[in-house]
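Q: One structure follows; several queries about it will come next.
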DNA sequence: CACACTTTTCACGAGTTCGTGAAGTGTGTT
DNA sequence: AACACACTTCACGAACTCGTGAAAAGTGTG
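Protein chains in written order, with the working numbering: chain E, 1 to 164; chain C, 1 to 164.
What follows is the structure, encoded as structure tokens:
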């Protein structure tokens with residue numbers, strides 16, 4: 001397999017994975033950058049690396065990494081004496097952080113439902129449905145947070161099991 | 001508070017709640033219809049009810065309810081001898097069903113990650129990251145499914161507690 | 001201090017999505 | 001059988017999103 005073939009395989013995967021991220025609400029370019037940083041073998045990238053690797057304009061990278069950094073899915077580092085930032089995908093708990101943003105979404109749902117109960121009144125059918133919604137969301141959010149907290153131990157347990 | 005004022009309060013809430021649904025990936029009109037059906041006091045609606053209630057064209061309702069029905073968030077009923085379908089929001093486990101679609105998204109992530117491990121190779125850094133991703137997603141999906149299964153009992157427990 | 005290099009900002013064009021009005025379809029009524 | 005009513009489909013216009021190229025800004029080097 002030539003180097004170009006490998007790159008092709010990688011990019012095809014990137015598009016496939018990015019598509020799922022997009023369906024989950026992430027804009028196309030951040031999705032591609034995240035998928036690429038995850039699947040490519042390097043563990044730190046300059047903006048130029050990402051642009052060349054994905055074969056897109058540097059301008060597109062700029063916006064994408066800004067979003068990913070703000071979501072804490074990528075972190076920016078700077079080696080002293082160099083003129084470009086390095087973007088690092090901290091894979092140790094990348095997905096916990098990804099899910100943490102989902103939890104925030106869940107919380108916004110919950111707050112919206114709660115405010116609905118307030119303005120519409122809990123005694124009416126609509127308000128009662130909203131109250132149930134709010135309770136369910138609160139329950140689910142707590143459960144998810146607990147599950148996320150359990151993951152590191154679970155991961156180590158699995159890794160230890162594989163050692164045997 | 002006049003009837004119009006109440007309607008205004010309701011519609012304001014609908015837009016607020018729909019916004020969160022949209023941020024979670026639902027198109028605007030289905031989001032509004034779902035929010036309206038949830039917060040308004042009726043428990044079944046004709047397409048016309050929804051169009052008038054939301055003050056949008058019947059055409060917009062048509063597409064929105066089709067999507068919501070296909071997502072099983074709304075169900076279609078037909079009273080014999082009437083010429084319009086009735087849309088029912090089955091609030092008993094509306095949110096479990098909503099979350100079930102989220103679980104499918106999670107599964108697509110998982111499958112995409114797994115296929116990446118296959119084509120890229122588990123021994124390389126990128127492949128290893130994807131394998132961890134796959135494992136995390138599998139863990140989380142199992143945890144969420146378990147939490148969803150616990151909800152009905154939990155809800156009843158809470159309802160019983162309120163009775164005291 | 002000017003230059004070389006990288007990244008960012010900006011404005012534009014292509015493509016997509018959304019909701020409407022108008023026409024069409026289906027169903028029950030007279 | 002013709003009509004009345006409700007809903008659906010379709011094509012359009014408006015608004016938005018996305019990624020690009022060009023210009024600007026920032027940063028280390030000679």
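Beta carbons: idealized from backbone N, C-alpha and C, even for Gly.
(1) Does any CB atom of chain E fall closer than 8 Å to the CB of residue 23(C)?
(2) Nearest-angstrom Cα distance between residue 123(E) and residue 96(E)?
(3) Quick one: Cα of residue 26(C) to Cα of residue 164(E), how far?
(4) If we call anything under 8 Å between Cβ atoms a contact, is residue 36(C) one with residue 21(C)?
(5) On the three-state DSSP scale, how would you describe residue 119(C)?
(6) Below 8 Å on the Cβ atoms is my contact criterion, and I expect residue 32(C) with residue 54(C) to pass it. Report the Cβ-Cβ distance as a whole number of Å.
(7) Below 8 Å CB to CB, which residues in the same chain sit around residue 86(E) once its five sequence neighbours on both sides are set aside?
(8) In whole angstroms, give me the CA-to-CA distance for residue 108(C) and residue 69(E).
(9) Is the Cβ of residue 40(C) closer than 8 Å to any Cβ of chain E?
(10) Go through its chain and collect everything with a Cβ distance to residue 126(C)'s Cβ below 7 Å, but skip five positions before and after it.
(11) Can residue 16(E) and residue 112(C) be called in contact, C-beta distance under 8 Å?
(12) Throw me the rounded Cβ distance for the residue 88(C) and residue 74(C) pair, which I believe falls under 8 Å.
(13) Among the candidates 140(E), 40(E), 4(E), whose CA atom is the shortest distance from the CA of residue 102(E)?
(14) Identify which residue in 118(C), 94(C), 60(C) has its Cα closest to the Cα of residue 71(C).
(15) Can you tell me whether residue 133(E) is buried or exposed, with buried defined as 16 or more other CB within 10 angstroms of its CB?
(16) Give the straight-line distance between the Cα atoms of residue 7(C) and residue 118(E), rounded to the nearest whole angstrom.
(17) How many angstroms separate the CA atom of residue 61(C) from the CA atom of residue 48(C)?
(18) When you compare each of 157(E), 154(E), 106(E), 92(E) to residue 135(E) by their alpha carbons, which one comes out closest?
(19) What is the residue span of the beta strand (DSSP E) that residue 77(C) lies within?
(20) When you compare each of 5(E), 38(E), 23(E) to residue 14(E) by their alpha carbons, which one comes out closest?
(21) Tell me the DSSP secondary structure of residue 56(C) in three-state form.
(22) Name the two residues that bound the continuous alpha helix (DSSP H) containing residue 34(E).
(23) Quick test of your reading: residue 137(E) and residue 104(E), contact by CB under 8 Å. State the CB separation rounded to the nearest angstrom.
(24) Classify residue 44(E) as helix, strand or coil using the three-state DSSP reduction.
(25) Any beta carbon from chain E within less than 8 Å of residue 101(C)'s own beta carbon?
A: A quick look at the data gives this:
(1) yes
(2) 38 Å
(3) 46 Å
(4) no
(5) helix
(6) 6 Å
(7) 44, 45, 46, 76, 77, 78, 79
(8) 24 Å
(9) yes
(10) 120
(11) yes
(12) 7 Å
(13) 140(E)
(14) 94(C)
(15) buried
(16) 15 Å
(17) 8 Å
(18) 106(E)
(19) 75 to 77
(20) 38(E)
(21) coil
(22) 28 to 39
(23) Not a contact, Cβ separation roughly 12 Å.
(24) strand
(25) no
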